[in-house]
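Structure first, then comments.
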Amino acid sequence: MLFRKSGHGRNQGSTSAAPQPGKVDRRSFLTKSGVAVGALAVLGELPLGGIRKAEAGPPAPAGAKVTTRKNICTHCSVGCSVIAKVSNGVWIGQEPDYDSPINRGSHCCKGAAVRDDVLSQRRLRYPMRLVDGKWVRLSWEQAVDEIGDKLLEIRARSGADSVYWLGSAKFTNEAAYLNRKLAAFWGTNNSDHQARICHSTTVTGVANTWGYGAMTNSYNDIRNSKTILIMGGNPAEAHPVSLQHILEGKELNRANMIVIDPRMTRTAAHATEYVRVRPGTHIATIYGMLWHIFENGWEDKEFLSQRVYGVDEVRKQVAKWTPAEVERVTGLPEAQVRHVAETFAKQKPATLIWAMGQTQFTTGTANVRASCILLLATGNVGHAGGGANIFRGHTNVQGATDLGLDVTSLPLYYGLTQDAWQHWCRVWEVDYGWMASRFSSKALMEGPGIPSTRWFDATLLPKAQVTQPDSVQAMFIMGHGVNTITRMPEAKRGIEKLELLVVCDPYPTAWSVLSERKDGIYLLPACTSFEMDGSRTASNRSLQWGEKVVEPVFESKNDYDTMYMLARKFGFADQMFKNIKVENGVVSAEDILREINRGGWSTGYCGQSPERLKAHMRNQEKFDLVTMRAPKDDPEVGGDYYGLPWPCWGTPEFKHPGTPILYNTNLSIKEGGGTFRARFGVERVVKRKVRENGQESEREEHDNLLAEGSYSVGSEIKDGYPEFTLAVLKNLGWDKDLTAAEMETINWVNSTNPDAVSWSLDLSGGIQRVAIEHGCSPYGNAKARMIAWNLPDPVPVHREPIYTPRPELVADYPTLPDARQFRVPNIGFTVQKAAVDRGIAKEFPLILSSGRLVEYEGGGEETRSNKWLAELKQEMFVEINPADAGPRGIKDGGWVWVTGAENSSRARMKAVVTERVGKGVTWMPFHFAGWFEGNDLRAKYPPGADPFVLGESVNTIMTYGYDPATGMQETKATLCQIRAA
């Protein structure tokens, strides 16, 4: 913000009340009481006035034992370690971890304030139920009993799919896995989390290009780059500690740092070149670069011939994007596009960094695919300093996605096929027939659920338009904010139509106050991940074990124990926890991870045992800053890469070191190397038109999808090869290397046809082990795909946003036709056509985009309830260019109404008049809630649990628009109007 207010945080989102005589100020309070929980009752009376030095509590009393415990920051995905000092069960101090190779003793403001996330008096203290508009206290037993009875009633009447299980990127890996397992045992695939609205398009786009849907390199590896292209990300605010690696790469390695963004961000301020582009023109910009690359022969021809399929089809699409057409669509001049293209193609290694500025579009999957194609064309994948460095959002959004909190898959990307279900039933030791009986039909068991972006449509739409037995009638939400999903007026109506809403969270969140409900909402106090054991996966695929810092405060419970109570109420706890130790209702996090290891062959989550992860946390100082590898002679972590980044192949006893850089053929597989994954077959049958003797005919051709002349160091197969099965081992004569125990397990997995057992289904790990011992990737050695024939646009196509400021371009670049996707209709084409026909762009001429602030995280409920962070950013705002503000009579710091292009939605906030945004573009942060269309909802929160700072949510005015491949919402390019309030 360009302004700061002082005063008391309980005044309508802004702060104006001055400190009063007799009140305790923060410094006196801390000096007198330290951070003892019992003394925090006065916190609600503290002013939030001017910035003061944050002082730690006093030393522990003489003779008191002080212990240190390590955990992981609960905010973004960088994975910073936190050292907590604990005395007599109280968290008395905090330090950043100087030994961590990730954060190296640094924290951003959010990381520096995480202790207050545990100690905040704004937390939920005990279970509550809304009764006639009042919050009534319950016991845990009473709450679970009442909730369970209602859920079972709905299930019996309307089917399991009428209950939606919305999980969290704040979960540990173990909690995410358990939450997906709970939904499976309940009998539904309506199980999702925050990745749907941040990187579901990344996962789909990247996985359908080269095999796995994740960051290929790491934050640390950016230090090796010669060109750093950031397109659709703002690490300085969204991932602040990552910036140390980016800037040291820029300064020490003299790297080019190019930022392409509609907004002059704090990251762009560090760039060697900043490119301002129109929101929603990502593919056009990439194709503009590729036009120059192909025209000048700057592509990596050897890499393309050996490791890439489909470049000719891409050349045809790129040829349409002449410099004149690129400038017409994006506004970028030819010279600038050419210069960026030449730099990226020649100054190598080059890395491409993105976050939600690339993913949150109706073309999100295609945007991601275009970025992958740019990397492939220039040979910038599979080596140090290159790759797709995809910055995930929340602390464990990568791990929660990996572990199956996704409407399209079971844990670890096995999908929803019968083979996938049978695999996990073997791991869980439950009968497949019994599991199938939990679902309303085989089709629903093997079909994607409803994405979190569309849950309220599945509540509000007529039953005939929702492809399941009945509408969604209950939501069970753990760690997810309603204000992060677009079309909030519809969400409000959806909440009001539900029979039951359960919010399990450390804070009450806007779910509890948005609607006009007077009954039927339950709040369950969850503890933070600092109050429980478990692992998290950072954006670079490294796992870290966090140890419990303190016991859960107040009456909060950890996620494992809550889900155990639910499973017990539902009657399947004995089956669900068959191989997971539970003592007096306390669930073992280590046992959950061991179960993940037993089933996680497809993604290489099989080698990271609790013991290995804990050893890494004890020995952080031994890992190299750049390579992230420990010395080979170390007795505990010798040769490991920090966090055993997946894939970490084989059993834990196999001691695979992890894979720091995906698809890197310069290392042997056993040393962390890899190839592109052969997940799309060995060949593709294509019908092509040919002309012979003056006659045109159609001929069927078989295109090779395996690598040609490219293979990993040490590979005994000097060419491409398919994924490994027992049959492949037999053909090579390598099956003799399997042990008797491994063969016994393989025969048990598929007694009728053991030859069909693959590297991802073999619970012994033997097939993986043998393939790696012979220098081969278990998943094969294939070409990356520039053509993804299973996606709506096999080759990416530029399509205008649903609400575009350029309606004249829609005829040339329309969105895809209406279709039914994820059990509900996607009518984006109809909405776009209506907007053009009605001239919406004239009535709402300003582009609206959204993004992050450094001070807050996600929906902001936790960080806006943190006293240290709340005083840093006290009001919701919209950025508007002076050229747009002047004619509207809008002053910097003045109140404005922002009106959305749908439903007459509106929001009241402060204006920041700034040239950070270009003419015709506006921008808002997405961390605020607690106001709705000008109304302050503070009185509706449970007493004492309202966040210090409230404000309007940008998603109140965000509009219709969904990526057809994922259901991703469009939050980076819609339209609005602004007037002075």
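Residue numbers for the sequence shown follow full-length UniProt numbering, beginning at 1 and rising by one. By construction, the Cβ of each residue, glycine as well, lies at the ideal position given by its N, Cα and C atoms.
Do residue i and residue j have their C-beta atoms closer together than 7 Å?
i, j, result
"Gly-664", "Tyr-711", "In the sequence as displayed, the identity of residue 664 is Asn instead of Gly. No, these two residues do not count as a Cβ contact at 7 Å."
"Thr-362", "Ile-802", "yes"
"Ile-521", "Leu-501", "yes"
"Cys-648", "Gly-604", "yes"
"Lys-670", "Ile-746", "no"
"Val-836", "Val-810", "yes"
"Glu-857", "His-75", "yes"
"Arg-823", "Thr-467", "yes"
"Lys-548", "Met-565", "no"
"Ile-450", "Asn-88", "no"
"Lys-873", "Glu-855", "yes"
"Arg-369", "Lys-783", "no"
"Val-770", "Leu-761", "no"
"Gly-681", "Leu-644", "no"
"Ile-717", "Gln-473", "no"
"Ile-283", "His-656", "no"
"Glu-551", "Tyr-126", "no"
"Lys-919", "Ala-883", "yes"
"Leu-229", "Ile-286", "no"
"Thr-659", "Ser-777", "no"
Once you ignore the five residues that flank residue i on each side, which residues in its own chain have a CB closer than 7 Å to its CB?
i, result
"Glu-590", "Pro-610"
"Glu-327", "Pro-333, Glu-334"
"Ala-973", "Pro-279, Gly-280, Phe-361, Pro-801, Ile-847, Ser-849"
"Val-586", "Asp-561"
"Pro-469", "Ser-158, Gly-159, Asp-161, Ser-440"
"Val-37", "A caution first: Val-37 carries a pLDDT of 32, below 50, which makes its placement in the model unreliable, though a value can still be read off. Closer than 7 Å at Cβ, skipping near neighbours: Val-90, Leu-119, Val-553."
How many whole angstroms separate the CB atoms of residue i and residue j, which I take to be in contact at a CB cut-off of 8 Å?
i, j, result
"Gly-650", "Gln-768", "5 Å"
"Gly-673", "Tyr-641", "12 Å between Cβ atoms; not a contact."
"Thr-453", "Arg-196", "6 Å"
"Thr-378", "Ala-350", "7 Å"
"Gln-620", "Ser-100", "5 Å"
"Thr-227", "Thr-343", "6 Å"
"Arg-426", "Leu-182", "With a Cβ gap of about 19 Å, Arg-426 and Leu-182 do not count as contacting."
Please return the same chain residues whose Cβ sits closer than 8 Å to the Cβ of residue i, not counting the five positions on each side in sequence.
i, result
"Phe-439", "Ala-160, Gly-187, Thr-188, Met-445"
"Lys-622", "Ala-630, Pro-631, Asp-634, Val-637"
"Phe-877", "Met-1, Met-909, Lys-910, Ala-911, Val-912, Met-924, Pro-925"
"Arg-315", "Phe-294"
Measuring straight from C-alpha to C-alpha, what distance separates residue i and residue j?
i, j, result
"Asp-419", "Leu-405", "19 Å"
"Ala-207", "Ala-214", "8 Å"
"Ala-269", "Thr-971", "23 Å"
"Gly-297", "Arg-276", "26 Å"
"Ala-615", "Val-397", "24 Å"
"Glu-141", "Met-478", "18 Å"
"Asp-261", "Glu-701", "42 Å"
"Pro-817", "Val-686", "25 Å"
"Gln-977", "Ile-353", "32 Å"
"Ala-324", "Ala-341", "16 Å"
"Ile-72", "Tyr-98", "13 Å"
"Asp-793", "Val-311", "15 Å"
"Asp-963", "Asn-558", "34 Å"
"Leu-514", "His-199", "26 Å"
Kindly list the residues whose CB is nearer than 6 Å to the CB of residue i, restricted to its own chain and excluding five residues on each side of it in sequence; keep chain order.
i, result
"Thr-408", "Pro-448"
"Ser-242", "Val-78, Tyr-219, Pro-235"
"Pro-506", "Arg-123, Ala-526, Thr-528"
"Arg-906", "Trp-897, Thr-899, Glu-933"
"Lys-581", "Ser-588, Asp-591"
"Leu-403", "Asn-173, Ala-176, Tyr-177, Pro-411"
"Pro-805", "Ala-841, Ile-847"
Using DSSP's beta-bridge definition, name the partner residues of residue i.
i, result
"Glu-902", "Beta-bridge pairing links Glu-902 to no other residue."
"Asp-76", "Residue identity check: residue 76 is Cys in the sequence provided, not Asp. Note: Cys-76 sits in a beta bridge opposite His-394."
"Ser-81", "Ile-72"
"His-702", "Val-685"
"Asp-936", "Trp-931"
"Gln-695", "Glu-692"
For residue i, is the beta carbon positioned less than 6 Å from some heavy atom of the ligand MN?
i, result
"Thr-537", "This structure lacks the ligand MN, and indeed carries no ligand of any kind."
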